[in-house]
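Following: one structure in structure tokens, then a few remarks.
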Amino acid sequence: MSIRKRLILSNIAMIVIPIISFILIEILLGVFYYKVFVPKFNGHPPHSFYFFRFGIIVPIFAITNGVLSYFVSRSILRPVKNLTNAAKQISEGNLNFEVKPINNDELGQLAISFELMRRNLKESAEIQKKYEENRKELIANISHDLKTPITSIKGYIEGIKDGVANTTEKMDRYIETIYLKTLDMDQLINELFLYSKLDLKRVPFHFEEVNIHDYLVDRIEELRFDLEPINVSITYRENVDRENSIVLIDREQFKRVMTNIIQNSLKYMEKDEKRITIKLIDDEEKITIKFHDNGKGISKDALPFIFDRFYRADPSRNLSTGGTGLGLAIAKRIIEEHGGEVWADSQIGEYTNIFLSLNKKSIVKVTQ
Ligand code: ATP
Ligand code: MG
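Read in order, the letters of the sequence shown correspond to residues 9 to 376 in the numbering used here.
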């Protein structure tokens, strides 16, 4: 019942109950004095009649007022106290409690809104905490990844200073290694810079309508030129309506994604016969590109994490392949900026499939 209704009803009761009581007392006293007592009044009842009449009605009036005021004020004050307590706990930073509505009235509604506010605050506090943890983890990862090549550069330079590189050959090898390590650092810094810019949404995307079939045919032609000399076969398949294969992409960023996926296939390929297959699949509103390789595959445990930044399924191996673990995280961000999705499936020792799906841009054909 709403507070207003309760107040109106208690006010009515405060008037009605004494009136009814008054009438009842009049009747009872009348019956008592005129029938039971049977006095002979000379038109006037005795003084005791008036005494009892007011002596009973006044306490009834006071009690009705008191009891109703007590219950009505209690039904308002209890929820107010509950809300005051909740506000105090929130202001002290404690968000692990529940604000339960006591009555189904305006204050009950306020308690429900309070509970909603508490939940939202708790959620944003948790997100904030997670961001903070992510930031710390990111700094730890960056420090670690920069420390590794720097330690090794330092070691080689100390070797040169101490005269360990005492032949021209050794000196060349040392300098070459130092150079390669600086390239690793340069790549890490560039990828990190790009990743953080993507994270902050500071990378400008220039979307254009592209026929993805034609685009892939061209890209694969280019790739074949690079891959054939290193004995990697690349095949293209499609089952799409070529006319209706228009998607919105940023050519440069999309190329970056493809390059990373292909580079991964090459890096993690341990087979004599190396095969990469790219397939374009029509998926109603979407178009999916499947990148298949017959490489070493990814274990079931590692698979869910490969799109996380700095994740490497096999960190020791990556020291030799020089990966930063940012490639797929960057690819995922870029595809998400395209409004698409990216996922993978793999069989260890057998194959890896990376899927990219993009929304189709339906073309309105103008009939002449
Ligand atoms: P980067 O691409 O930044 O140089 P990276 O290749 O190690 O470094 P990602 O491209 O993000 O990082 O890949 C994450 C991890 O997923 C890799 O370290 C590798 O363990 C695994 N992985 C990715 N693609 C493949 C693949 N085609 N075959 C096997 N493992 C893969
Ligand atoms: Mg990679």
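By construction, the Cβ of each residue, glycine as well, lies at the ideal position given by its N, Cα and C atoms.
- Message: Less than 8 Å between the C-beta atoms of K189 and P157, yes or no?
- Response: Working through the sequence shown from its first residue, we reach residue 189 at position 181. Working through the sequence shown from its first residue, we reach residue 157 at position 149. Yes, the pair counts as a contact, with Cβ atoms nearer than the cut-off.
- Bridge partners of H300, per DSSP? Position 292 of the sequence shown, counting from 1, holds the residue named residue 300. Looking at the DSSP assignment, H300 forms a beta bridge with T285 and N361.
- Based on Cα-Cα distance, which residue from E134, D170, N149 and Y187 lies nearest to S2? What is shown of the chain runs 9 to 376, which leaves residue 2 out entirely.
- Task: Would you identify the three-state DSSP class for I371, choosing helix, strand or coil?
- Result: On the sequence shown, residue 371 is found 363 positions in, with the first residue counted as 1. Note that I371 scores a pLDDT of 49, beneath 50, so its modelled location is shaky and nothing firm can be said.
- Message: Please return the same chain residues whose Cβ sits closer than 8 Å to the Cβ of G167, not counting the five positions on each side in sequence.
- Response: Locating residue 167 in the sequence shown gives position 159, counting from the first residue. These residues qualify, in order along the chain: A173 and Y182.
- Task: Quick one: residues in its chain with C-beta nearer than 7 Å to the C-beta of Y164, no 5 flanking neighbours on either side, listed in chain order?
- Result: Taking the first residue of the sequence shown as position 1, residue 164 is located at position 156. Around Y164: Y182, T185 and I186.
- Item | Rounded C-alpha distance that separates I269 from L129 | Taking the sequence shown and counting its residues from 1, the one referred to as residue 269 is at position 261. Taking the sequence shown and counting its residues from 1, the one referred to as residue 129 is at position 121. For I269 and L129, the distance between alpha carbons rounds to 40 Å.
- From this set, E260, D153 and I242, which residue's C-alpha is nearest E281's C-alpha? By one-based count along the sequence shown, residue 281 stands at place 273. Answer by Cα proximity: I242.
- Starting from N239, follow the beta strand (DSSP E) in both directions and report where the run begins and ends. On the sequence shown, position 231 is the one that residue 239 refers to. That residue, N239, is in no beta strand (DSSP E); it is neither H nor E in DSSP.
- T1: which of F315, K209, H346 and G347 sits nearest, CA to CA? Since the displayed the chain opens at 9 and closes at 376, residue 1 lies outside it and no answer follows.
- Touching by the beta-carbon criterion (3+ pairs, under 8 Å), the segment 220 to 232 and the segment 192 to 199: Touching, no, given that fewer than three Cβ pairs across the two stretches are closer than 8 Å.
- Message: Tell me which residue opens and which closes the beta strand (DSSP E) that D353 is part of.
- Response: In the sequence shown, residue 353 corresponds to position 345, counting from 1. Residues E349 to Q355.
- Message: Please tell me whether I284 and V248 are closer than 8 Å, where the distance is taken between their beta carbons.
- Response: Residue mapping note: residue 284 aligns to position 276 of the sequence shown, counting from 1. Residue mapping note: residue 248 aligns to position 240 of the sequence shown, counting from 1. In this structure, V248 does not lie closer than 8 Å to I284 by Cβ.
- Query: Any idea what DSSP makes of L103, helix, strand or coil?
  - Reply: Your numbering for residue 103 matches position 95 in the sequence shown. Looking at L103 - three-state DSSP - the assignment turns out to be coil, as it is neither helix nor strand.
- Item | Identity of the residues DSSP links to Y244 by a beta bridge | Along the sequence shown, one-based indexing puts residue 244 at 236. Bridge partners of Y244: I286.
- Task: Run the CB neighbour count on F262, radius 10 Å, all protein chains shown included, and call it buried at 16 or more, exposed below.
- Result: Taking the sequence shown and counting its residues from 1, the one referred to as residue 262 is at position 254. F262 comes out buried.
- A133: buried (16+ other C-beta within 10 angstroms of its C-beta) or exposed? On the sequence shown, position 125 is the one that residue 133 refers to. That one is exposed.
- Message: In whole angstroms, give me the CA-to-CA distance for Y58 and Y41.
- Response: By one-based count along the sequence shown, residue 58 stands at place 50. By one-based count along the sequence shown, residue 41 stands at place 33. Distance between the alpha carbons of Y58 and Y41: 11 Å.
- CB R264 to CB I150, shorter than 8 Å? Residue mapping note: residue 264 aligns to position 256 of the sequence shown, counting from 1. Residue mapping note: residue 150 aligns to position 142 of the sequence shown, counting from 1. For R264 and I150, no; Cβs fall outside 8 Å.
- Message: Count Cβ pairs between the segment 96 to 108 and the segment 64 to 73 that sit closer than 8 Å; are there 3 or more?
- Response: Flag = no, the segment 96 to 108 and the segment 64 to 73 do not touch.
- Item | Per-residue burial, R325 [other beta carbons within 10 Å of its own, 16 or more giving buried] | Position 317 of the sequence shown holds residue 325. Model confidence at R325 stands at a pLDDT of 49, short of 50, so the residue's coordinates are unreliable; what they give is reported in the following sentence. That one is exposed.
- Using the Cα positions of I23 and N102, report the straight-line distance between them to the nearest angstrom. The residue you call residue 23 lines up with position 15 of the sequence shown. The residue you call residue 102 lines up with position 94 of the sequence shown. Cα to Cα, the separation comes out at about 46 Å.
- Query: Nearest to V218 by alpha carbon, out of V107, I257, F313 and S10?
  - Reply: Residue numbering aside, residue 218 sits at position 210 when the sequence shown is read from its first letter. For V218, the nearest C-alpha among the options comes from I257.
- Task: With DSSP collapsed to three states, give me the class of I409.
- Result: Residue 409 cannot be examined here, being either before or after the span of the chain that is shown, 9 to 376.
- Task: Kindly indicate which residue of F79, E123, I64 and V80 has the alpha-carbon position closest to the one of T92.
- Result: Translated into the one-based positions of the sequence shown, residue 92 becomes position 84. Ranking F79, E123, I64 and V80 by Cα distance to T92 puts E123 first.
- Query: For the candidate residues I135, K137, R86 and E141, whose alpha-carbon lies nearest to that of A119?
  - Reply: If you number the sequence shown from 1, residue 119 lands on position 111. Among I135, K137, R86 and E141, the Cα nearest to that of A119 is on R86.
- Reduced DSSP secondary structure (H/G/I, E/B, other) of K43: Taking the sequence shown and counting its residues from 1, one reaches residue 43 at position 35. Looking at K43 - three-state DSSP - the assignment turns out to be helix.
- Query: Nearest to D191 by alpha carbon, out of F299, H221 and L154?
  - Reply: Sequence index remark: in the sequence shown, residue 191 carries index 183 (1-based). Here residue 191 is Leu; the residue named in the question, Asp, does not match the sequence. Comparing C-alpha distances from L191 to each of F299, H221 and L154 shows the shortest one belongs to L154.
- Message: For a test of your reading of the model: does the CB of L6 fall under 7 Å from any non-hydrogen atom of ligand 2? Yes or no.
- Response: Because residue 6 is not part of the residues shown, which for the chain are 9 to 376, the question remains open.
- Query: With C-beta atoms as the reference, is A321 less than 8 Å away from I297?
  - Reply: As a position in the sequence shown, residue 321 is number 313, starting the count at 1. As a position in the sequence shown, residue 297 is number 289, starting the count at 1. The Cβ-Cβ distance between A321 and I297 does not fall below 8 Å.
- Query: If you follow the alpha helix (DSSP H) that I306 is part of, which residue opens it and which one closes it?
  - Reply: If you number the sequence shown from 1, residue 306 lands on position 298. Unbroken run through I306: none, as it is neither H nor E.
- Taking only runs of the beta strand (DSSP E) that begin and end inside the segment 184 to 235, which ones reach a length of at least 3 residues, in chain order? The qualifying runs are 216 to 219.
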